[in-house]
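Chains as they are written, first to last, in this note's numbering: chain A, 5 to 393; chain B, 5 to 393; chain C, 5 to 393; chain D, 5 to 393.
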């Protein structure tokens, strides 16, 4: 069967009004209207030309958020921070308001009083199905772009679909962290899903099994946008040269809301773990100290410094330093749009459960132990072309 | 036919007593005797395990040089410069002297008085064949690691094998630059050849045709050791992400003999051209200012700074800076050994003429327009495994 | 006598509509109206509090320019380049138009047909005196912020005031480069003068002597805004520690108009010379390779990389790398305002001729061989406080 | 009175066999014998020429250490690490053994069983006075170069000399941390003292008062060798320009014994506090995240990255990044020799108690709130010249 995803498709953002969600929503409007080029979108590069993906104009944005600051309001803050040009907001403000009208309240606590997590997830799923019906969508892709949660409390039910299905139905029982309730809601709504944050989300094996049963493709986890991407570009290259990495030390400086969240040592734990896992695999070194510092005056800019120390011929030493500086949301947003298009293609092609070939987009790819960016890029292109062929 | 190159093999270095030649010769002794590991050698990485390459102990070093400073003497200078550990020289000094006894005088001028370039090349070829006979070698691989020449004067004979064969026989006529006379000598000796410098060498189409006729495999050109390698790792990764490189500016600082040679604006022209060619192909940008500065106090260390400016989503800007610092000869020497082993394999497998799959090792690969390091690494492994299968 | 410069003062900008001129004019309006703080202004720091300098509201802007693109139009381009916030231009646009009305055509060629350079200078001086009269100014400070000229043709008259006074009166004789005609015009108008570019300007000894005779204070040359300032901060510190600088290599990347001008190898010669002179004095090293590259996509941002290699105890080596990134006009503009205030104070205090204590502001200070930034800062404060005491 | 310190002087190193102690001892031998120049020694710079300081040959090394690995053995490890050239060790090995014979066992625990801290200190003092007698020394300077201790437990006796004198005499009472017992021993021996580590040492006010009473000059604390020195060079320069530092983030990578010690979060607390204190004073910013990572493969090299974000004119932003790389012990050792010479001068000049003018050498200067390196350099020179005049 040949997949064809050229159809109206929903992009449902969990955390729609955050920095990444706002940038994705605004950017989509700008692309559809021709106000901006598609730089940063993988699916706009030549290798994807001609594939039957939904067009920019086919994507309809909705989502959940606990914030009631509107997309346009949030975008204004990003204009003030120098990230988004003022004329671009002016040109897209109306369409942003239309998208904002499709944002529904997220669930704050893990439960409704006296109820079960099943009930919460069903309420979320209803928002998604109503959205699909309202807009006559062929399918919906849910992307979690909300803030990082602390690591989830372990539970045996996380590994067993049947046990999980039972546990979420127990009134008053909290077996899933909030991000996983949202992921479960996507499954109930029959929506494809991508986990762009390090939060548990659909990362629990039991949820992935339920997604496979429900026939929805899912991918994750934790968007590989900047420093980690760069590391997975460089580390395999050292290996290809036979150069042995001795240590890889790094620091991230970031302001913005993400910086504040990650200043919390609990929340940062998930992040640091997923950031160094691939690197250790690729280099074999476990000397990989890494820090994330909240530097509010940087606004939405993220600066990452890395120091690589490697051994070359006859014990000689090599050092490589890199400094990367970018608006992190500007790196993430086009990847979110790419995931919407590619998961739509997967769904159209009948792919169900974890899609390892989407590992290119993630720090901690589900269903794959490939971290090398060039290999992942090859896999991705081959997979997409294969589905469409 | 299955190639098998496990046999005594000559490694004939043009410029044997230079920094790269000395490091390669010393390193080979150290590897063969187990005094050092093979970090930096591509052919020692897992992908090449089990291939029928000559072992370190199978490689015998000889060469040409215009200098009469011995290998051991040159190595002492590298010890003083902090590049080679003193105990390693102590352990290898005797074997270095043995190798040095196989170094013959290179030709200084382009001609012998009253003679032809054919005569010069034949004299060089005789040195190689005598070396092979003396040591009972299955084959010889010539690698040019001499200093960079100024660009060669163009001649129609460079493109036409018959015309070239005639021209070199005219007494008193200088149609080939010195590096190409050496390359021609390799062809006459039936030796495989790698051009590790930007000098013309075997880069002239007529010489490559003669090599193909003679049944010898050749590869080049200009070893991709440090900054250029890093660029061909990074630039394709930007493209894979859909990020548009706007400019890529760089500076190299180096001391040592190479630095002094490249302080000559004539000599540096060849180098700068081959360094930016691949980058422009890979990025589409022609804003690629690049400098090479002679900084004698750095000794054999080379420091390279790059500043990449790219456009991301919605016109946002990304900057990446890299600083690379390494002993350049320590990067080059193991690649020279790799080329000896792999060209021996090619020769054993009956490969004649230009070998595009060896492009991984070169800034300006002959017979190939692939510059992306990851793609080149894949090609190389596939090719070597294919030859051996 | 105690200087008191609290009075209406003209700031006459040669090259008023360039990037620095526009930023200075707009910034002055913003400061006077309280739309912006005075970060970057030396005279706003605590050491200068209470000195009888003209207030921001006392400074009236006029100038010469060969361009007829208005200040407001130029400022729009700087808004588009992300350098000036749009709301700030909106708040200052009217006042900018008022300033722009005081910009008179600069002289393009060195001469009027059939006339002398004296006549050209007198015409320029008349523009200045008319401006002073129109606004009831106590004094005028001329600051040259125009594009860099190629080095001036040497002439014996440049060293001899009498010879120069005669030469400029010869019809058809071109003895002064354009920037020096403008400087001579300032002398004729009795205006103080600062040379913020590397062009000859008032740098000719004969002109400085004429300025001293005319009783006007003058200072220069070539604003020490970014990389050179940083070097004169760091180099003395190495010396204070007894660390011996072996080499100091650097590269500048810049877009904007200045970048285009300096892409001209002739023009860049003046610049590079003044940039390395102080460094060589401070370090004793003459290994100071330096490049300026035009990278248009950087817009008005300037990025400077430096690599310092030093010798420490027992021959050990130290490396320091610095990367500086800033809008160069944003560094220059507040220094132009500082010079206006401080030269007004000097004039009020009866200082005539070269003012060495203003060396803090310049790469190539007139009348001083002090380059160390901390020493210059001390000298400046002491001098200003002394004048006012 | 005119100080004259040209006399045999003891340099008693607490932690003599550590990396800094060994480097200082070996370096002193090399300087005295003319095997090496005095780069890195402040007192060898022109400003100190002609002052009546002890010559290199006048300094005699002894010390305490808990390690029994000899100086020569320790130096071998530094040769292997590439820090000390092998020929230099060969030339100094005999003299190092002579110095090593003057190293006495340090006290490990805070007490001898059943005894008092007074007794411990007296034992240490006896070692020093016997050393002075044995060599006919005019005076002894004690410099603490031992590993960093965890922060000391507070005690009221630390602020009151009489209370302290009583407390140390109570059998079984531990009122002083080990570094302070050593400092007290110096006072009892009538020796001058410098605290080159962040450990409490002579930093307790009660000890400083006892030193003043005993007529010995003391200075500290925590040698300002690399990154912190660089920060105190740069931060005042930003202020002199009116540029407002918004944040100053940094990371240190270091291997060696110091790196291992500082990998202990308790020990690192003292260090990080003294590293950021001066910076906050100088910039007014409290966004100064800083990390120290143990990267064993770096050996004795220390790499420090800083990212400075500042506000310039009209709210524009400036970034400065610095990367500093050096053998930290090679920076520290010459400062230890400088302190020996200068404290000898102070002692000869009758200076007693804290010497604020030696703040140049310290991250956390006693008796001074000046942190700006250039100001400290001026103070130092003026003070030394004044004492000698």
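For each residue, glycine too, the CB sits at the ideal point set by N, CA and C. None of the values given here were measured: they were computed from a predicted structure.
By the Cβ criterion, the stretch 232 to 246 of chain B is not in contact with the stretch 181 to 188 of chain B, since fewer than three pairs of Cβ atoms, one from each stretch, lie closer than 8 Å. Shortest Cα-Cα distance from residue 94 of chain D to any of D/131, D/33, D/70 involves D/33. When C-beta distances to chain B are compared with 8 Å, the residues of the stretch 323 to 351 of chain A below that value are 323, 324, 325, 326, 327, 328, 329, 330, 331, 334, 335, 337, 338, in chain order. In this chain, the alpha helix (DSSP H) harbouring residue 233 of chain B covers 231 to 244. Taken through DSSP and simplified to helix, strand or coil, residue 132 of chain C comes out as helix.
Annotation: residue 150 of chain A has no Cβ neighbours in chain B at a cutoff of 9 Å; minimum Cβ distance is about 20 Å.
The Cβ atoms of residue 349 of chain D and residue 57 of chain D sit closer than 9 Å to each other. With a cut-off of 8 Å on Cβ pairs, the stretch 206 to 225 of chain A is in contact with the stretch 350 to 358 of chain A, counting three or more such pairs. Three or more Cβ pairs closer than 8 Å define a contact, and the stretch 244 to 251 of chain A falls short of that threshold against the stretch 248 to 255 of chain B.
The bridge partners DSSP lists for residue 251 of chain A are A/313. Note on residue 102 of chain C: under 16 other CB atoms within 10 angstroms of its CB, so exposed under the neighbour-count rule. For residue 209 of chain D, the uninterrupted alpha helix (DSSP H) segment begins and ends at 209 to 218. Residue 72 of chain C sits away from residue 108 of chain C, with the two beta carbons spaced by 9 Å or more.
In chain order, 90 make up the part of chain B whose C-beta sits under 7 Å from the C-beta of residue 90 of chain D. Between residue 387 of chain B and residue 360 of chain B, the alpha-carbon positions lie close to 10 Å from each other.
Among the CB atoms of chain B, one or more fall inside 9 Å of the CB of residue 234 of chain A. The beta carbon of residue 324 of chain A lies closer than 6 Å to those of 312 in the same chain, with the five residues before and after it left out.
Ranked by Cα distance from residue 193 of chain C, the options C/16, C/378, C/371, C/392 are led by C/16. DSSP places residue 329 of chain C in no alpha helix (DSSP H) but in the uninterrupted beta strand (DSSP E) bounded by 321 to 331. At a cut-off of 9 Å between beta carbons, residue 67 of chain D makes no contact with chain C. Residue 10 of chain B carries a coil assignment under DSSP once its states are collapsed to helix, strand and coil. Inclusion of residue 149 of chain C and residue 196 of chain C in the CB contact set at 9 Å is not warranted, their separation being larger than that value.
Per DSSP, the continuous beta strand (DSSP E) segment holding residue 65 of chain B begins and ends at 63 to 69. Taking C-beta separations shorter than 6 Å and ignoring five residues to either side along the sequence, the partners of residue 11 of chain C in its chain run 142, following chain order. Beta-bridge annotation (DSSP): residue 366 of chain A is paired with A/227. Between residue 24 of chain A and residue 278 of chain A, the C-beta spacing is not below 9 Å. Within the model, the alpha-carbon separation for residue 78 of chain D versus residue 301 of chain D is close to 18 Å. Take the alpha-carbon of residue 121 of chain B and the one of residue 317 of chain A: they are about 38 Å apart. With 16 or more neighbouring CB atoms inside 10 Å of its own CB, residue 104 of chain A falls in the buried class.
Along the stretch 281 to 297 of chain B, the positions whose C-beta sits under 7 Å from a C-beta of chain C are 291, 293, 295, 297, read in chain order.
Per the DSSP secondary-structure output, residue 297 of chain B pairs in a beta bridge with B/257.
In the DSSP assignment, residue 143 of chain A falls within the unbroken beta strand (DSSP E) covering 143 to 148. Secondary structure in the stretch 68 to 121 of chain A: the beta strand (DSSP E) runs of 3 residues or longer, each lying completely within the stretch, are 107 to 109 in chain order. For the C-beta of residue 41 of chain A, not a single chain C residue is nearer than 8 Å; the gap to the nearest is close to 15 Å. Annotated three-state conformation of residue 15 of chain D is strand, per DSSP. Annotation: residue 372 of chain C has no Cβ neighbours in chain D at a cutoff of 9 Å; minimum Cβ distance is about 17 Å.
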